[in-house]
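Colleague:
Number of protein chains: 2
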Amino acid sequence: MLDIAAEVLIADPRASLADVAAAAGVGRTTLHKRYPTREALLIAIGRDSMDRIEEAIAGADIANSADAAALRRLLGALIPLGPRLTFLIRHAADELDDALMSRVETLDVPVEDLILRAQKEQTIRSGVPVWWVVSILYSLAYSAWEAVAAGRLAVLDAPALAFDTLISGIGPS
Amino acid sequence: MLDIAAEVLIADPRASLADVAAAAGVGRTTLHKRYPTREALLIAIGRDSMDRIEEAIAGADIANSADAAALRRLLGALIPLGPRLTFLIRHAADELDDALMSRVETLDVPVEDLILRAQKEQTIRSGVPVWWVVSILYSLAYSAWEAVAAGRLAVLDAPALAFDTLISGIGPS
DNA sequence: ACGAGAGTGAACACTCATGTTCAGAAGTGT
DNA sequence: ACACTTCTGAACATGAGTGTTCACTCTCGT
């Protein structure tokens, strides 16, 4: 339900709640019962998206690693969440809860820790700012998901392509 | 005018035309005179954005190059267009003209040509799909612009950071 | 078979964005 | 000073989205 709502609202942020309800195969009345207002729906999607991302990061088991494999696992976990990442990025600025906004920062902490450890181990170059690594990590996950959604990229190939691009770029090897 | 409109509509796609007019420092009546409907405004922004991008690509002088410097020039030209890239990417799917949609493809042709030449010269690894290079090229330009807009990255540092990341990734050198 | 709960469409009032018209203000060139 | 153009706010009608209520249906567990 929130999955479909997220996708509809990403495809067209001006979609009406009637559109969302129809896409979710549910009556508009029911939608209003579960999420009284449009804002409530947006917050619910945001909250659920963060839950998913938090689970994905936790599931990638990166807490005690500093190697490339951990980065690859992380990318593999993030790519399927493309629509949710998109939703959060687009709505980060305005419509979301304050409580939700502060949670965004804590979400990235384990990722930033992994990056710092990886830089100590020379898995990641030291000169690169951590925020930049975080930024392009999500960016690559999004691009990979987009390519999968467009049918240009096989699901199973996506993590490897994103990972190789992240670590080695596209220059000669 | 279209610059401000683009930024307002990116920040909040549900912004009213009154909001856009106010942000542009112009009366709502005047806005409606220049762009009779909301759709007309969106198309005008889209068209203008493509003009800008086309100029940027042409100005980067990549037509007869295959070296890394050409890629760097291209990135440097694209990064300041961050808001326009964002606008086109977000509205690509739905609201835009058909004529505009077909133009998107022709826009990328010189970029794809450059990538193909660069792959022949081994400036870019051959195994990487061209569409993927195009995708992350724009993606990196967007990320770099976002960092500049957030004040995390100096304008003059942006092209180099994006370029290095594109070519070499973030792994050890 | 029965009752509880969830889901549903229809209808309603309300707000707001939209597009239009119009008369006046402000600026420009002659 | 003049005519001309452009911009402007105000007002209006219209349409669409929103949130609410209500009576009805369906399903599930007892």
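Residue numbers (numbering that gives the first Met the number 0), protein chains in the order written: chain B, 0 to 172; chain V, 0 to 172. C-beta: ideal position from N, C-alpha, C; glycine also.
#1: Starting from V/L16, trace the alpha helix (DSSP H) in both directions and tell me its first and last residue.
#2: So which residues of chain V does B/T164 contact, with C-beta pairs closer than 7 Å?
#3: Are the beta-carbon atoms belonging to V/S167 and B/S138 less than 8 Å from one another?
#4: Is V/S15 buried or exposed, if buried means 16 or more other CB atoms sit within 10 Å of its CB?
#5: For V/G58, does the count of other Cβ atoms within 10 angstroms reach 16, so buried, or fall short, so exposed?
#6: Could you give the DSSP three-state label for V/L141: helix, strand or coil?
#7: For the 8 Å Cβ check, are there 3 or more pairs between the stretch 143-150 of chain V and the stretch 151-161 of chain B?
#8: If you draw a straight line from the C-alpha of V/E6 to the C-alpha of B/Y34, how long is it?
#9: In chain B, which residues lie less than 7 Å from V/R151 when you measure between Cβ atoms?
#10: Within this structure, are the beta carbons of B/A140 and B/A65 separated by less than 8 Å?
#11: Please state whether the Cβ-Cβ distance between V/P82 and B/P12 is less than 8 Å.
#12: Can you tell me whether DSSP reads B/R102 as helix, strand or coil?
#13: Which residues in the same chain have their Cβ closer than 7 Å to the Cβ of V/R37, if we skip the five residues on either side of it in sequence?
#14: Indicate the three-state DSSP secondary structure (helix, strand or coil) for B/P109 in the structure shown.
#15: In its own chain, which residues sit with a C-beta less than 7 Å from the C-beta of V/R102, not counting the 5 before and 5 after it?
#16: Assign B/L155 to buried or exposed, taking buried as 16 or more other Cβ atoms, counted over all protein chains shown, within 10 Å of its Cβ.
#17: Who are the Cβ neighbours of B/E111 in its own chain at under 6 Å, not counting the five residues just before and after it?
#18: Looking at the structure shown, is V/V132 part of a helix, part of a strand, or coil, going by DSSP?
#19: With a threshold of 8 Å between beta carbons, is B/S64 in contact with chain V?
#20: Confirm, please, whether the CB-CB distance from B/I169 to B/L106 is below 8 Å.
#21: To the nearest angstrom, report how far apart V/R27 and V/V19 are at their CA atoms.
#22: Which of the three DSSP states is assigned to V/L155 in this structure?
#23: Looking at C-alpha atoms only, which residue of B/L152, B/R151 and B/E120 is the closest neighbour of V/P171?
#24: Taking the alpha helix (DSSP H) that B/G58 falls in, what are its first and last residues?
#25: Taking B/R71 and B/I61 to be in contact with their CB atoms under 8 Å, please state how far apart those CB atoms are, rounded to whole angstroms.
#26: Is it the case that the Cβ atoms of B/I42 and B/L1 are separated by a distance below 8 Å?
#27: What are the start and end residues of the alpha helix (DSSP H) that includes V/G81?
#28: Is DSSP giving V/R72 helix, strand or coil here?
#29: Helix, strand or coil: which one does DSSP assign to V/Q118?
#30: With H, G and I counted as helix, E and B as strand and the rest as coil, what does DSSP make of V/A146?
#31: So the candidates are V/L84, V/W131 and V/L152; which of them puts its Cα closest to the Cα of B/R151?
#32: B/A98: buried (16+ other C-beta within 10 angstroms of its C-beta) or exposed?
#33: Alpha carbon to alpha carbon, how far is V/L136 from V/P109?
#34: Am I right that V/A67 and V/T122 are in contact with their C-beta atoms under 8 Å? What's the rounded C-beta distance?
Modeller: According to the data block:
#1: L16 to A22
#2: I135 and G168
#3: no
#4: exposed
#5: exposed
#6: The sequence shown places Tyr at residue 141 of chain V, not Leu. Reduced to three states, the DSSP call for V/Y141 is helix.
#7: no
#8: 30 Å
#9: Residues of chain B with a Cβ closer than 7 Å to the Cβ of V/R151 are, in chain order, W130.
#10: no
#11: No, the Cβ-Cβ distance between V/P82 and B/P12 is not below 8 Å.
#12: helix
#13: L16
#14: helix
#15: M49
#16: exposed
#17: V129
#18: helix
#19: no
#20: no
#21: 8 Å
#22: coil
#23: B/E120
#24: Element bounds for B/G58: R37 to G58.
#25: The Cβ separation is near 10 Å, so there is no contact.
#26: no
#27: Secondary structure note for V/G81: its alpha helix (DSSP H) is the uninterrupted segment G81 to H90.
#28: helix
#29: helix
#30: helix
#31: With distances taken between CA atoms, B/R151 lies nearest to V/W131 out of V/L84, V/W131 and V/L152.
#32: exposed
#33: 13 Å
#34: 5 Å
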